[in-house]
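If you're matching them up, the sequences are chains A and B in order. Residue 20 in our numbering sits at position 20 of the first sequence; the count goes up by one each step and never skips. Residue 633 in our numbering sits at position 41 of the second sequence; the count goes up by one each step and never skips. Before any comments, here is the structure.
2 protein chains.
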Amino acid sequence: MQPSPAVPTAAAVVTLRPVSEAQVTTGFWADRMAANRAAIPLGRERLEAAGNLGNLRIAAGEASGDAQGASFRDSDVYKWLEAVAWDGSQPLADLIGTISAAQRDDGYLNSAIQVRGEEPYTHLWNSHELYCAGHLFQAAVAATRATGDTTLLQVAIKFADHLADTFGPSGRTQLEGHPVIESALVELYRETGNRRYLDLAKYFVDARGHGRATKPGFDPSHYGDPAHYSDRVPVRDADTLEGHAVRAVYFATGATDVAIETNDLELLDAVRRQYDNMRQRKQHVTGAVGSRWDGEAFGDDYELPPDRAYAETCAAIGVLQWAWRLLLATGDSSYADQIELLLYNAILPAVSLEDADYFYVNTLHRRTGARGDVQRAPAYGRRPWFNCACCPANVMRTLASLPAYLATGTADGLQIHQYAGSTLRAGSFAVDVDTDYPWDGRVTATVREAPAGEVELALRIPEWASDATVDDKPVTAGDYARVRRVFQPGDQVVLQLPMPPRLLVSDDRVDSTRGCVAIARGPLVYALEQPDQQPDVVLEDLRLDPTAEITAKRTDLLGGITVLHSADLTLIPYYAWANRGLHPMRVWIPAG
Amino acid sequence: MQPSPAVPTAAAVVTLRPVSEAQVTTGFWADRMAANRAAIPLGRERLEAAGNLGNLRIAAGEASGDAQGASFRDSDVYKWLEAVAWDGSQPLADLIGTISAAQRDDGYLNSAIQVRGEEPYTHLWNSHELYCAGHLFQAAVAATRATGDTTLLQVAIKFADHLADTFGPSGRTQLEGHPVIESALVELYRETGNRRYLDLAKYFVDARGHGRATKPGFDPSHYGDPAHYSDRVPVRDADTLEGHAVRAVYFATGATDVAIETNDLELLDAVRRQYDNMRQRKQHVTGAVGSRWDGEAFGDDYELPPDRAYAETCAAIGVLQWAWRLLLATGDSSYADQIELLLYNAILPAVSLEDADYFYVNTLHRRTGARGDVQRAPAYGRRPWFNCACCPANVMRTLASLPAYLATGTADGLQIHQYAGSTLRAGSFAVDVDTDYPWDGRVTATVREAPAGEVELALRIPEWASDATVDDKPVTAGDYARVRRVFQPGDQVVLQLPMPPRLLVSDDRVDSTRGCVAIARGPLVYALEQPDQQPDVVLEDLRLDPTAEITAKRTDLLGGITVLHSADLTLIPYYAWANRGLHPMRVWIPAG
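Written out as structure tokens, the structure is:
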């Protein structure tokens, strides 16, 4: 089995399943994964410098001193460990040993709270104790799947048992403020087969929405708002995501996992309804979600300002995880379209092309004269690390696990969702993919091994891909092109996805982008950045004539991007901005 | 002398001076001031319920217990006391006695810090100790000017002497985080003649801008950003206001006071330059400033979202105070235009027509389906009070002192800046003003008393007032119409300000209002509110045809407003919104 996150059990009710083998071999994503691999050791250095590793060592009795930072800091270590596991590039044993030694005999583990001698679970709305547990479980599952080493899994099991003894219908009434434990418990159930973890996940999913994750008593800030914790409306009743965006999408992901594993179609319908609402009213053109700086929150419907987009990197990663589960559940290509959108335009932009710097906040418009105020302000550019460093290691683990999202398998077929130079296998059906995507839309799938009978090779035709062909025959956009036949090794299927530059417009209820256009080509959203424009223009004064021809040209710029030209304007892929110093940039351009 | 704030000394270099008498007698503002008078006793009840008065009583030894809330809470009491002083409607002695008793022997006074036994001045970036002192001084000056009672002034003097002993070139190096002390010290100097206070104000103005008001050490939040405290760039070098909006405008007000009293033209030029920049790039159509929720801050240039306008009530009040001082300094009618804009469209909207409820945040667009999150969210509507209750008493003191802003005097004339049913006097030149403004543009000034020689009656012709006449003769908009002659009692001067509804557009660099229009009539900015529209429309789907005729009609609605109609749309004055329950509302309307 391909080591990957989110592997439903055999009993889970899903349409598609992860493939047994997937490797990125060449091309665009191979380069990005190589850069990510180079970033991973830097991640360890930064965790060391920030004190995260020190906290665990102190808790383990390997060092002494005071704990550094908030009680969510262990989670950064776990996310980084997960990245290492998927990437397979670093030894893990020393760190896992420290984590194991830091764990209390009763299974509880949170280095800051232990070092400070605080009572566990007493300020769950803000302590992130179960959030850290969730990331520990995900790292443990990753280590087990990727390396077979179950040392960390034993730590996770011990902690999960402690949680199952502590929480639940007859347990503590207060719930964790920051979801992730729900999905993580389902993953631990998948890995261990222990149904207690699935039951606890289901309990956490259904117990939420009654104010029990919310800070008790009066608080005039977000801490007093149940919506901040996705705790205002029970998940089965909710029509929309609201409040803190990362919490909301992580929770929706966990609810989807529970729905899949318990065959709960009511719950699945609820999260799909919320997804559709988000897609239509609360998602930026790049796929980013979470409009508001204040509360790091989803805004009201159609509140999608480019300049003040909060668009937290972790929220985009959460949507990717959610969309992947919905794709497995339904087989609907729109979820794979979403994953493509996010990978290229909401997750990749968060990391620099070189030097492993990260955006926490992903603005869609850096204004002329923009000034940075707080540490995570994108006006400062990408940074190596943050005081609250949730995003960098989240990017690392996501890029390290990228192959898992390329394809799925069914009993008699292979579905290719993302196009990259890669080698894929579902059972005895193995295919090599060759492509220069996202720069060119030609994708060649060469059969390496095939079963004796008829099988189906399904190729996602993105919603944006008009006039696509498979083996020169027209296929329908927004669906899968399905080639069903007996394959022989060496057989080729050639997909052509024409990539003319195209104009995007927003919903007319979005104020700040009304009368504007954004430009995309293939899967990439483009942006104007100051260095590419005529000298001395103010970026905010530029207009794009929607009737003018847009031409594409492959260049050596920024690692070999295709640039677009429209009259005097030059556009680069949004993901590549802010890699030549800090300059004004905008995705949405006033038409005229 | 008319009891009023901001009374420059005889030595101050100003063009205009406060009048010796000003009363609002009839009409629009008389009604609003009566409502404010009715609100003032409720303010005391709310201060009592919130614990502000309790804190002072505990510090005074009149009660026991723990202090409630943050150390800025005394300031709410002082602002309320200032309102009472200007209004003259309530006895003050008991409260002043408590405040006097709470003061330490050395002059220091902050009830929360004293009750909690904290060391003064040790966390000035966030303690608001000098902020509270400033509001105390303003209240003391108001009480002295309005009632002649100097009991509170003695408290202020004792505290100011303590400050002068503690701070200054050879004193503590850390500065207060939240300006207001600068202007308040100048006012105390004006009232006492003690130049030490002016010198200390000047010191505070010039010492800022070098990181000394900023929280020491690293902090990733706004606390670590010098701009948050107007502490990044020295005032003489700054081109723009930035950071926390209330802090910035209060500081600019204090700098202007210092410039006026020290004849510092370089400083005056600097604040005028910053004012012009704010006016052009950082001010909403209503006059509101401070775009950002995050950090309650000015945004980047042209960052002016209607839906997420923070537009704190206190920031608008600060701009009014600043503009008043610039008006006195320069005699430029644009500053009086600004005051008109703010009074009707940025300060008045913050208070309900009945029941004394207040907005802290003044949105320009309540979206369909808007949800409140934090206490001050305007989606909840106006509130009686807030956990951080800076705004309500700030509105109270501003409306109570409104007559002070109506007119100014010079050696040989009277300048009328704001039109209200009123009686005004500068020296021996007394005039009664009769008008139905802002509903009607006819203003009749009747001379009640005049000196023997020639004097000048100057009438502000707002920038918006095309085709204005004085005694049927055309006059120029954006200036004063000056009638210079020998006046006799009974003489009338009739100003006509035609008020056709007019379309406003924003700077093209403001994304969220590009392609939109706002409607104004006379001094009032109008808004669409859901209850006035056709049934079942979604407010965000409405368009306004800029070529369609807009008609005005006086009604009995909402206290007797003039409503505007354009095709199917009905508009009400923005200040009157959210007085019929909570409904969608917008000021900027997509044109089309």
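No residue lacks a Cβ here, since even glycine has one placed at the ideal position from N, Cα and C. All values derive from a computational prediction rather than experimental measurement.
- The CB of Asn979 of chain B comes closer than 7 angstroms to the CB of Pro220 in chain A, given here in chain order.
- The alpha carbon of Thr960 of chain B has as its nearest neighbour, out of B:Ala948, B:Glu888 and B:Val1129, the alpha carbon of B:Val1129.
- Contact annotation: Gly243 of chain A and Ser230 of chain A have beta-carbon atoms nearer than 7 angstroms.
- The Cβ atoms of Ser1014 of chain B and Asn1171 of chain B lie no closer than 7 angstroms to each other.
- Residues of chain A whose Cβ lies closer than 8 angstroms to the Cβ of His820 of chain B are, in chain order, Asp373.
- The bridge partners DSSP lists for Ala430 of chain A are A:Arg425 and A:Glu449.
- Exclusion of the five residues before and after Gln23 of chain A leaves Pro403, Ser422 and Thr423 as the residues of its chain whose Cβ lies within less than 7 angstroms of its Cβ.
- Take the alpha-carbon of Leu42 of chain A and the one of Arg383 of chain A: they are about 12 angstroms apart.
- Interface annotation for the segment 878 to 889 of chain B against chain A: Ser883, Arg884, Trp885, Asp886, Gly887 and Ala889, criterion Cβ-Cβ distance under 9 angstroms.
- Under the three-state reduction of DSSP, Val599 of chain B is assigned to coil, being neither helix nor strand.
- Ranked by Cα distance from Glu888 of chain B, the options B:Ala604, B:Ala1012, B:Tyr902 and B:Ala725 are led by B:Tyr902.
- For Pro590 of chain A, the chain B residues whose Cβ falls inside 7 angstroms of its Cβ are Arg1106, in order along the chain.
- Taking a C-beta distance under 7 angstroms as the contact criterion, Ala164 of chain A and Val186 of chain A do not qualify as a contact pair.
- Here the alpha carbons of Thr878 of chain B and Thr551 of chain A stand approximately 43 angstroms from one another.
- Gly891, Asp892, Asp893, Tyr894, Glu895, Pro897, Pro898, Asp899 and Arg900: these are the residues of the segment 891 to 914 of chain B whose beta carbon lies less than 8 angstroms from some beta carbon of chain A, given in chain order.
- Per DSSP, reduced to three states, the secondary structure at Cys388 of chain A is coil, with no helix or strand assignment.
- DSSP places Arg864 of chain B within a helical segment (H, G or I) once states are collapsed to three.
- For Pro403 of chain A, there is no enclosing alpha helix (DSSP H), as DSSP marks it with neither H nor E.
- Counting of Cβ neighbours within 10 angstroms places Leu497 of chain A among the buried residues, the total reaching 16 or more.
- DSSP places Glu354 of chain A in the coil class of the three-state scheme, outside both helix and strand.
- Beta bridge pairing from DSSP links Ser566 of chain A with A:Ile550 and A:Leu569.
- If you compare the alpha carbons of A:Asp507, A:Val141 and A:Glu312 with that of Gly515 of chain A, the shortest gap goes to A:Asp507.
- Ranked by Cα distance from Thr151 of chain A, the first of A:Gly592, A:Ala101, A:Ala400 and A:Leu503 is A:Ala101.
- Looking at the DSSP output, Glu242 of chain A shares a beta bridge with no other residue.
- Val14 of chain A has its alpha-carbon roughly 10 angstroms from the corresponding atom of Thr410 of chain A.
- Counting along the chain, Ile632 of chain B sits inside no beta strand (DSSP E); it lies in the alpha helix (DSSP H) bounded by residues Phe620 to Ala642.
- For Asp507 of chain A, the closest Cβ of chain B is not nearer than 7 angstroms.
- For Gln730 of chain B, the enclosing alpha helix (DSSP H) begins and ends at Glu721 to Thr739.
- Between the C-alpha atoms of Ser883 of chain B and Asp106 of chain A there is a straight-line separation of about 50 angstroms.
- Ala837 of chain B places its beta carbon 7 angstroms or farther from that of Phe796 of chain B.
- Burial is judged here by how many other beta carbons sit within 10 angstroms of a residue's own beta carbon; Val447 of chain A has at least 16 and is buried.
- Taking all protein chains shown into account, Pro169 of chain A has fewer than 16 neighbouring C-beta atoms within 10 Å of its C-beta and is therefore exposed.
- Interface residue (Cβ-Cβ distance to chain B less than 7 angstroms): Gly369 of chain A is classified as such.
- Leu495 of chain A is bridged by DSSP to A:Val443 and A:Val470.
- For Thr743 of chain B, the three-state secondary structure derived from DSSP is helix.
- Taking all protein chains in view, the Cβ of Leu569 of chain A is crowded by 16 or more other Cβ atoms within 10 Å, so the residue is classified as buried.
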